[in-house]
Amino acid sequence: MSDNYRSREERRRAMNDNKPEGKSQGKPKKKKKGGLFRKIVAAVLLIGIIGLIAGVGTFFAMISDAPKVDDSVLKNSFSSKVYANDGKTVVKEIGAQKRTYVQYDEIPQVVKNAFIATEDVRFYKHHGVDFYRIGGALMANFKNGFGAEGGSTITQQVVKNSFLSPKKTVKRKVQEMWLAYQLERKYSKQQILEMYLNKIYFASGEVYGIERAAEKFYGVKSVKDLTLDEAAMLAGLPKAPTTYNPVTNPENATKRRNTVLNLMAKNGFITQAEADKAKQVDVQAHLAKQTESTSKYDVFIDQVIEEVKKKTDADPFSAGLEIYTTLDTNAQDYVDDVMNNKVVNFPNDKFQAGLVVVDNETGGIQAIGGGRNRVSGGLNFATNMRRQPGSTIKPILDYGPAIENLKWSTGQPLKDEEYHYSNGTPIRNFGRNYKGWVSAREALGRSLNIPALKAFQATGADKAKEFATGLGLKLDEEDGEAYSESYSIGGFRTGVTPLQMAGAYSAFANEGMYNAPHTVTKVKFPDGTEIDLTPKPKRAMQDYTAFMMTDMMKSVVNESYGTARAVRTPGLEIAGKTGTSNFSAAEKQRYNIPDAGEKDVWFNGFTPNYTISVWTGYETAKDGYILSANETGMAKNIFKHVITHISEGKPKGSFKQPDSVVERSVEKPTGKDLKRPSGSTPSSLITKEYFVRGTAPTKVSQTFVKKEKEEKKEDKKEDKKEKKDNKDVKPKITASYSGGAISVNWSASNAASDTTFTVTMSSPNGSEQLASGAGAGGKTISNPAPGATYSFTVTTNTGESASSSVKVPGSSDQATEDDSTKPEDDGTTDDNQNEDNSNTDQNNGSDQGDDSSTQPDDNQNSNSGGNNSGNSGNTDNNNNDSGNGNDGNSGNNSNNGGATTPPADNGGSDSESQTPPTTPATPSTPSTPATPQQEPTTEN
0 MSDNYRSREE
10 RRRAMNDNKP
20 EGKSQGKPKK
30 KKKGGLFRKI
40 VAAVLLIGII
50 GLIAGVGTFF
60 AMISDAPKVD
70 DSVLKNSFSS
80 KVYANDGKTV
90 VKEIGAQKRT
100 YVQYDEIPQV
110 VKNAFIATED
120 VRFYKHHGVD
130 FYRIGGALMA
140 NFKNGFGAEG
150 GSTITQQVVK
160 NSFLSPKKTV
170 KRKVQEMWLA
180 YQLERKYSKQ
190 QILEMYLNKI
200 YFASGEVYGI
210 ERAAEKFYGV
220 KSVKDLTLDE
230 AAMLAGLPKA
240 PTTYNPVTNP
250 ENATKRRNTV
260 LNLMAKNGFI
270 TQAEADKAKQ
280 VDVQAHLAKQ
290 TESTSKYDVF
300 IDQVIEEVKK
310 KTDADPFSAG
320 LEIYTTLDTN
330 AQDYVDDVMN
340 NKVVNFPNDK
350 FQAGLVVVDN
360 ETGGIQAIGG
370 GRNRVSGGLN
380 FATNMRRQPG
390 STIKPILDYG
400 PAIENLKWST
410 GQPLKDEEYH
420 YSNGTPIRNF
430 GRNYKGWVSA
440 REALGRSLNI
450 PALKAFQATG
460 ADKAKEFATG
470 LGLKLDEEDG
480 EAYSESYSIG
490 GFRTGVTPLQ
500 MAGAYSAFAN
510 EGMYNAPHTV
520 TKVKFPDGTE
530 IDLTPKPKRA
540 MQDYTAFMMT
550 DMMKSVVNES
560 YGTARAVRTP
570 GLEIAGKTGT
580 SNFSAAEKQR
590 YNIPDAGEKD
600 VWFNGFTPNY
610 TISVWTGYET
620 AKDGYILSAN
630 ETGMAKNIFK
640 HVITHISEGK
650 PKGSFKQPDS
660 VVERSVEKPT
670 GKDLKRPSGS
680 TPSSLITKEY
690 FVRGTAPTKV
700 SQTFVKKEKE
710 EKKEDKKEDK
720 KEKKDNKDVK
730 PKITASYSGG
740 AISVNWSASN
750 AASDTTFTVT
760 MSSPNGSEQL
770 ASGAGAGGKT
780 ISNPAPGATY
790 SFTVTTNTGE
800 SASSSVKVPG
810 SSDQATEDDS
820 TKPEDDGTTD
830 DNQNEDNSNT
840 DQNNGSDQGD
850 DSSTQPDDNQ
860 NSNSGGNNSG
870 NSGNTDNNNN
880 DSGNGNDGNS
890 GNNSNNGGAT
900 TPPADNGGSD
910 SESQTPPTTP
920 ATPSTPSTPA
930 TPQQEPTTEN
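Under numbering that gives the first Met the number 0, think of the first position of the sequence shown as 0, with each following residue one higher.
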């Protein structure tokens, strides 16, 4: 029975259900190809259309307010006004007055080709905008960074300099491209190139336009007279007029000129042979002598123009700008007087100087001293001249980085000793001597080279480079060489400018904040647009580094060992650093320069308000060298005068110690570690230094505590030895009577060279000190009292003593002696038996000279031999030392009878001696024999 189905759909379902399992149910239907692709394409097209509409709308919106192409603006120029730092005083109006317009047909083809090859090689192929070049510029900027290469055509440059502000925005770029296209529609290529060559800026001194440039640099009457090498040089100038100026920067100028020649050869304007030949010409060979003198503020204005062009791409000579500057007219007028020999006396006309005055807080340049006897467009010794900085680089590359990265203190110990660079080359100090252990402060103050190198090595070249870069000194990039250890003492290949050094030093005074030195604060364009050109401050170092380096540089000025004591100024807190550089051996030999001749002398100094960098020297080695005291001191002399003048009537300020710094007393360095002083440390060896908080030393020095203990120990040893030695000293004294006088002599066995003796005498008249002093000696007592006993005692400084006494014979003793003593007992006959004989008193002291007068004794009898010739008061002591005579006489006093004199006092002056009679006096009792001589008695 057949199945009945109500629809075909049911029939299909039933048939499918009856199919055996496992068998394929058939292939699915294929989808139509291209559906998704068509949707993607459609979406892209839609987005493109929307984007195009939006782009076109945006484009027209951007160009809607674009200025019109105005013939008068294209061919005429509008002057710009330059304002002083008060924002009101117009110090100069620049532009328009020195233009010499030249027609296209008057410009030689070599000049046109040089500029086209350099600025816009596809000039004749595009319609104002070169998209091919824009693509290449984008790739270059992507590889080398933004600004590596520009894509503007000559037409765009004419538009930009004539109609638009220099703001680098998309809108301005779009308007520039639009106006370039409009300009190409209205003017021919020849007319546009003519406009460009007559408007372009070439050099300071308001040199713009090709005709004016040809006259300025080469002295030609017409641009037609320019040669290939000259045309190439001028074509290379607009990119950087100051950098490539052949008058002031011949090396850079040569490189730039040769680049232009290569481009001309590459693009078929000249052959390679012609290019090579032109390269052989010295870039300064055909330069005209620069004779046009500068006018007031020209040196400062030159820097203003350069900044405006660099930062805005606007032409100050034709754009009608209002330029607001940092110029302090009072400071600039004074600096001009300095340069014109009105303040200081320069040694000669060839001696040069360059200086820059900077406001520490803002970085604004107050004044520029570009040099002496300058001509318009000549070398600016403050901003363009680069010289080795000598020791002024030490705060930047050596000690600053060490404090910043290693947290050195101002008292960091450094050993000044014989030393060498890492490659084995010796390094020496200026004085060719060594100071031993010194603090970083003293090392900088004395400008020692060896501690500076050690500081550089301790921090490392990379950190030194980083520190210097933060202060605006890109030394290796500018010199084309890597940092080397010779940099530590200013050994650069090329050098730095006073402008750079003033900016770097101002950061120390500004608590570590660096403001790039600048002359322009803002620029206002004719359409009312204003651009703020004030650099933004950035932290170059920690506040502790700035303060501690500043304090170290104050020692350069204030300490007795400082090299800049001459800049001290009452009422001003000054810090700074001196620096000198030398000639090469080749220069010394070629120009006969003595070893003491110096090439450059610097002083970079600052107060809390201002920084001044001063360079002095000669432009070239053949012009001279620095040798005299006047020359070597000129940089400091200039600084002192200028800083004093600009500080008058203004708050002086002071350098503030930050919370990150502490001051501590320490012992002066005697080793690698600083320590606090002990109670035994001499005050002369205690100093105060600054430390980063948390790094001050805590250990107390034991140096002088140990020394004190050692000294006490040594003293005890010496005392013991001295006592032992003293026990061995045995003094001896003898006293004897003879010829009416007592002779006393003393000595000691084992006496040291410093043994002293004190001799006292006891007599009927009392006790008295006879002598005191070092060494053995003797004394004579004249006219002792008859019958009296005299006692003598000698005492040494060691406490040992000895005594002796003697009794003087008297008349009563004689009778007894006559009965009991034989005259010849001792083998000596006493000629002076009778005390009643009258003896002549000799003169006492050499003052009386040849005075022969005598003073009679109580007895009236005169001694026949008592009158002495010569100096009567001086006699020879024959008792101990046979050769001791007094100065000024023979030492032997002779009497009329020819008898020898008695022993004199060999212990000194004021002694008296009695001359014995030549014949015995007549005895009162003839039968009485002579009294024998009394034997001395000695006590130990």
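The C-beta atom is built at its ideal place from N, Cα and C for all residues, glycine as well.
The C-beta distance from N404 to T458 rounds to 6 angstroms, short enough to fall under 8 angstroms.
When A318, F638, T643 and G570 are compared, the shortest CA-CA separation from L73 is found for A318. Listed as beta-bridge partners of L51 by DSSP are no residues whatsoever.
With fewer than 16 neighbouring CB atoms inside 10 Å of its own CB, P650 falls in the exposed class. Taking 8 angstroms as the cut-off, the Cβ atoms of I367 and T382 count as close. For T382, the three-state secondary structure derived from DSSP is coil. Comparing C-alpha distances from S78 to each of L320, Q155 and V158 shows the shortest one belongs to L320. Cβ-Cβ distances below 8 angstroms link V334 to L354, V356, A366, I367, G368 and V641 in the same chain, with the five nearest sequence neighbours on each side left out; the list follows chain order. Here L260 is buried. Its C-beta has 16 or more other C-beta atoms within 10 Å. Looking at M176, L236, V556 and K172, the one whose alpha-carbon comes closest to that of A202 is L236. The C-beta separation of F602 from G570 comes to about 19 angstroms, leaving the pair out of contact by the 8 angstroms criterion.
Within its own chain, the residues whose Cβ lies closer than 7 angstroms to the Cβ of V337, once the five positions on either side in sequence are excluded, are V343, G368, I637, H640 and V641, listed in chain order. DSSP lists S771 and T794 as the beta-bridge partner residues of T757. Approximately 4 angstroms separates the beta-carbon atoms of L262 and A116; this is inside 8 angstroms, confirming the contact. In the DSSP secondary-structure assignment, T533 is not bridged to any residue.
CA-to-CA, the gap between L45 and M176 works out to about 27 angstroms. Here L354 carries a strand assignment [DSSP, helix/strand/coil].
Contact between the stretch 677-694 and the stretch 448-467 is absent, with fewer than three C-beta pairs closer than 8 angstroms. DSSP lists L354 and F602 as the bridge partner or partners of V613. In this structure, the CA atom of A213 is about 21 angstroms from the CA atom of K276. Secondary structure at K649: coil, using DSSP grouped into helix, strand and coil. Between V743 and K778, the C-beta gap is smaller than 8 angstroms, which places the two residues in contact. DSSP lists N744 as the bridge partner or partners of G777.
One alpha carbon belongs to H125, the other to F268, and they sit about 18 angstroms apart. In this structure, the CA atom of R386 is about 10 angstroms from the CA atom of E618. L673 is the residue among S187, F703, Q701 and L673 whose C-alpha sits nearest the C-alpha of A695.
If the five residues before and after K414 are omitted, its C-beta is found closer than 6 angstroms to the C-beta atoms of W436, all from its own chain and listed in chain order. Boundaries cannot be given for L225, as no beta strand (DSSP E) includes it and DSSP labels it neither H nor E. Between P657 and M548, the CB-CB gap reaches or exceeds 8 angstroms.
The straight-line gap separating the alpha-carbon atoms of Q174 and T409 is approximately 58 angstroms.
Between the stretch 497-504 and the stretch 603-618, the count of Cβ pairs shorter than 8 angstroms is three or higher; the stretches touch. For I573, the number of other beta carbons within 10 angstroms of its own is at least 16, and it is reported as buried. With respect to the C-alpha of A787, the residue from V699, N197, I780 and G809 having the closest C-alpha is G809. Y590: member of the alpha helix (DSSP H) spanning A584 to Y590, first to last residue.
In its chain, beyond the 5 residues on either side, R385, R386 and Q387 have a beta carbon closer than 6 angstroms to the beta carbon of G494.
DSSP, reduced to helix, strand and coil, places Q365 within a strand of the structure shown.
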